Amino acid sequence: MERLQENLPLELVLSKLTAGIIDYGAGNLASLMICLKQLGYAVKVSDDFNVLNSVDIIFIPGVGAYPAAMKALHQKGLVSYLREQARLQRPIIGICLGMQLLASASHEFEYTTGLDIIPGEIISMGPSKWHIGWNTVETKASEMALMSSNGGIFYFNHSYRYEGPTKYQVGLSQCPNTIATIIRKNKVVGLQFHPEKSQLAGRILLKNLILELVSNA
Amino acid sequence: MKYCKFCLQPDTRPNAFFTDGVCPACLYSDLLKHVDWEERLEVLKNIFANNPRKKNQFHDCIIGVSGGKDSTRQALFLRDKLGVNPLLVCLSYPPDQVTDRGVNNLSNLIDLGFDVIVSAPAPITWRTLKMEGFYKFTNSFRSTEMALFATVPQIAIKYGIKLILWGENPGLQVGDLKTLGRTGYDGNSLRHMNTLSSGHDWMIECGFRKSELIPYSYPLLEEFETHDLQIVYLGWFLGDWSHLNNAAYSCGYGLEMRDYGSEKIGDLYGVTALDEDFTPINQLIKYYKFGFGRATDYVNEEIRIGNISRERGVEIVKTYDGSFDDGYIERYAKYLSITTEKFWEEVRKSVNKELFQILPDGTVARKFTVGVGLE
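Residue numbers (our numbering), protein chains in the order written: chain A, 1 to 217; chain B, 1 to 375.
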């Protein structure tokens with residue numbers, strides 16, 4: 001039960017939108033599906049381009065290792081598809097490993113090239129080694145959709161992080177050094193944390209972010 | 001309301017029953033003068049010898065830690081003096097409650113080389129439960145203390161570790177008699193303590209699902225028996241166990257203390273509840289309900305040890321119990337999503353009207369005389 005939810009108008013225009021979750025055999029999609037459905041979306045899980053072409057926003061989920069995830073995306077032809085969709089300015093949100101896949105490359109296990117949609121590389125967390133649990137995120141003032149999520153508490157579980165140009169870093173966390181936990185280029189956004197596992201704070205962020213990404217096409 | 005003859009324990013403390021005008025903690029403290037500490041150490045060593053770790057296990061026992069003075073001392077004592085490998089289990093406060101100091105102190109334990117498991121309950125459920133607890137009992141800690149105590153046996157069951165160590169025996173060292181076990185160190189009766197015995201039916205009544213309340217559910221007696229869990233109070237084995245000694249010991253190993261004046265919050269040495277700043281408010285409310293606060297607890301310990309006289313204790317308690325800082329209250333009210341006016345309105349409702357009177361300007365004034373009681 002989350003009492004605070006009662007104050008929020010979560011329905012509105014949302015019910016007409018469809019969210020597509022990329023199915024590339026990685027990770028647990030159930031919590032993301034449930035979360036998006038609670039927000040009022042229709043949800044389609046697919047690796048079929050025709051289905052993914054029909055949705056309003058594409059989610060790249062991800063739990064697991066970088067090299068295996070990229071391999072799966074390559075095998076399904078999703079790498080070139082996603083790059084094309086980003087060029088076409090379609091809204092895409094990557095979550096956790098899905099965010100990291102958006103970057104140019106990763107050093108996890110072995111050097112692996114990524115989707116290269118947002119310039120930057122994925123490197124080890126360094127001395128702190130991992131980042132598991134609840135932490136706050138400070139969002140950049142220019143990101144209007146993220147404004148009400150500034151200072152929000154989200155659930156993290158990762159041991160690699162994004163390193164890249166500051167202009168793509170729109171959300172930061174302390175761990176204890178500052179790390180980028182939300183990255184963005186045009187209509188493609190990467191979330192290092194799991195909004196779908198972050199209670200109300202996660203749903204508020206998703207709601208505002210999705211509305212912004214799909215509205216000013 | 002009556003006070004203990006020797007210290008400043010009032011008989012208004014829940015579950016405390018006096019004998020010939022003396023509180024249980026003083027009676028116990030008197031017994032301590034004749035204790036053979038070497039013998040107790042042998043008892044402790046035997047406990048570990050009789051509960052060897054299972055095959056393929058790395059840890060001999062679990063300690064519930066916050067990272068504060070008691071947990072740091074316990075962890076170091078077990079590892080460095082007894083040569084056992086404890087698994088430290090911490091229930092962490094969510095980011096909007098935990099202090100940087102608390103985070104640093106837990107990191108300090110990891111830096112000292114200990115294995116630490118952190119249980120991190122969902123922040124909104126946590127906060128909503130605190131709000132409900134405040135409205136229902138004027139005690140937002142009802143739920144969080146449940147979680148604090150429940151996490152440790154939960155992890156013990158998960159990891160197949162039988163021995164659980166807590167620090168203070170609330171029955172002996174504070175006087176909550178319901179928690180007394182078969183021996184001075186047996187903690188399996190902890191489930192009868194005031195907070196834990198209240199259960200979590202009230203949370204269910206508030207509309208929470210059982211699945212949301214897992215971190216707040218103390219394992220059942222049957223589960224304790226199935227997994228052969230044994231809670232042991234380490235404080236019983238340490239002759240110099242006290243707030244101050246534990247703090248002094250732990251500060252040498254990197255414990256970070258409060259660095260501002262105790263007068264604001266009645267924490268005389270700045271060494272308690274380091275990991276968050278709402279406890280002082282709860283101590284204030286406890287004072288309004290039962291007539292004793294944090295300063296009384298400090299002072300009683302010092303009187304029993306013989307560091308200060310009862311007269312000096314009266315002075316200290318008069319000055320510091322019931323003291324508070326507006327800044328703390330503002331932050332607490334903000335966390336509970338209420339105004340400070342609403343906070344005070346609720347607190348005044350819970351004030352024990354036999355012990356206190358509420359003056360026309362809203363301040364709470366005690367009717368009793370510290371050290372004497374109610375006339």
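Every residue gets a Cβ at the ideal spot worked out from N, C-alpha and C, and that includes glycine.
Everything numeric in this text was worked out from a predicted model, so none of it was measured.
Endpoints, alpha helix (DSSP H) assigned at residue i
| i | result |
| --- | --- |
| A:S142 | Taken as a continuous stretch (DSSP letters only), A:S142 belongs to no alpha helix (DSSP H), as it is neither H nor E. |
| B:L163 | Per DSSP, B:L163 belongs to no alpha helix (DSSP H); it is in the beta strand (DSSP E), L163 to W166. |
| B:C90 | Per DSSP, B:C90 belongs to no alpha helix (DSSP H); it is in the beta strand (DSSP E), P86 to L91. |
| B:G252 | No alpha helix (DSSP H) holds B:G252; DSSP gives it neither H nor E. |
| A:K207 | Q199 to S215 |
| B:I204 | D201 to E205 |
| B:L76 | K69 to L76 |
Among the options, nearest to residue i - alpha-carbon criterion
| i | options | result |
| --- | --- | --- |
| A:I250 | A:Q199, A:E196, A:E138 and A:P176 | Beyond the ends of chain A as shown, which are 1 and 217, falls residue 250 of chain A; an answer cannot be given. |
| B:L255 | B:V372, B:G306, B:R101 and B:V43 | B:R101 |
| B:L165 | B:T363, B:D96, B:H59 and B:I231 | B:I231 |
| B:K353 | B:F343, B:W344, B:D361 and B:A365 | B:A365 |
| A:G222 | A:N135, A:S31 and A:V45 | Chain A is shown only over 1 to 217; residue 222 of chain A falls outside these bounds and no answer can be derived. |
| B:V299 | B:I161, B:Y320 and B:L238 | B:Y320 |
| B:L88 | B:L82, B:Q97, B:N139 and B:S66 | B:S66 |
| A:L115 | A:N208, A:A86, A:G152 and A:V63 | A:A86 |
| B:L234 | B:K45, B:K33 and B:P24 | B:K45 |
| B:E212 | B:L148, B:G133, B:I124 and B:L238 | B:I124 |
| B:E276 | B:M257, B:F134 and B:I285 | B:M257 |
| B:I338 | B:E132, B:I303, B:E311 and B:K264 | B:E132 |
| B:H243 | B:F6, B:D11, B:G68 and B:L27 | B:G68 |
| A:F228 | A:Q75, A:I132 and A:G64 | It is not possible to answer for residue 228 of chain A, since the shown part of chain A is limited to 1 through 217. |
| B:E168 | B:E39, B:I63 and B:I110 | B:I63 |
| A:F156 | A:S148, A:K16 and A:G202 | A:G202 |
| A:G151 | A:S124, A:R90, A:A141 and A:H158 | A:A141 |
| B:S140 | B:I285, B:E38 and B:L106 | B:I285 |
| B:L221 | B:L359, B:R312 and B:I157 | B:I157 |
| A:S173 | A:S124, A:W134 and A:A145 | A:W134 |
Closer than 7 Å to chain B by CB, residue i
| i | result |
| --- | --- |
| A:N28 | no |
| A:G133 | yes |
| A:I204 | no |
| A:N7 | Confidence in A:N7 is poor, its pLDDT being 43 and thus under 50, which makes the residue's placement unreliable; the coordinate value appears in the next sentence. False, the Cβ-Cβ gap to chain B never drops below 7 Å. |
| A:I153 | yes |
| A:Q89 | no |
| A:N136 | According to the sequence displayed, residue 136 of chain A carries Thr and not Asn. Chain B contact via Cβ: present. |
| A:R3 | Residue placement at A:R3 is flagged as unreliable, the pLDDT there being 40, under the threshold of 50; a coordinate-derived value is accordingly withheld. |
| A:L14 | Any reading at A:L14 must be qualified, since the residue scores a pLDDT of 48, below 50, and its modelled position is unreliable; the value itself is stated next. Judged by the 7 Å Cβ criterion, A:L14 is not in contact with chain B. |
| A:L241 | Because chain A here runs from 1 to 217, residue 241 of chain A falls outside it and cannot be looked at. |
| A:Q174 | no |
| A:L200 | yes |
Endpoints, the beta strand (DSSP E) within which residue i is located
| i | result |
| --- | --- |
| A:F237 | Beyond the ends of chain A as shown, which are 1 and 217, falls residue 237 of chain A; an answer cannot be given. |
| A:Q38 | A:Q38 -> not in any beta strand (DSSP E); alpha helix (DSSP H) instead, spanning A30 to Q38. |
| A:R184 | T178 to K185 |
| A:E121 | E121 to S124 |
| A:T18 | T18 to I22 |
| B:S197 | Counting along the chain, B:S197 falls outside any beta strand (DSSP E), though it belongs to the alpha helix (DSSP H) covering N194 to S197. |
| A:V189 | V188 to L191 |
Sub-7 Å separation of residue i and residue j beta-carbons
| i | j | result |
| --- | --- | --- |
| B:Y3 | B:G266 | no |
| A:F49 | A:Y81 | yes |
| A:A103 | A:E84 | no |
| A:T112 | A:P67 | yes |
| B:Q382 | B:G270 | Since the displayed chain B opens at 1 and closes at 375, residue 382 of chain B lies outside it and no answer follows. |
| B:T195 | B:E145 | yes |
| B:L78 | B:V84 | yes |
| B:L27 | B:T296 | no |
| B:S350 | B:T138 | yes |
| A:C96 | A:H194 | yes |
| A:L52 | A:G77 | no |
Minimum Cβ-Cβ distance from residue i to chain A less than 7 Å
| i | result |
| --- | --- |
| B:H94 | The amino acid at residue 94 of chain B is misidentified as His; the sequence shows Pro. It does: the Cβ of B:P94 has a partner Cβ on chain A nearer than 7 Å. |
| B:P123 | yes |
| B:A147 | no |
| B:A333 | no |
| B:A120 | yes |
Review point. Which runs of the alpha helix (DSSP H), 4 residues or longer, sit entirely within the segment 32-65 of chain B?
Key: 37-50
Practice item. Would you mind listing the alpha helix (DSSP H) stretches within the segment 88-164 of chain B that are 4+ residues and don't spill past its ends, in chain order? Key: 100-111, 123-137 and 141-159
Practice item. Report the residue ranges of all beta strand (DSSP E) runs contained in full by the segment 52-112 of chain A; include only those spanning at least 3 residues, in chain order. Key: 57-60 and 92-95
**Study point:** Every unbroken alpha helix (DSSP H) inside the segment 293-374 of chain B [4 residues or more]
**Key:** 294-305, 310-320, 326-335 and 340-350
Exercise for review: Give, in chain order, every unbroken run of the beta strand (DSSP E) that is at least 3 residues long and sits entirely within the segment 211-280 of chain B.
Suggested key: 230-233
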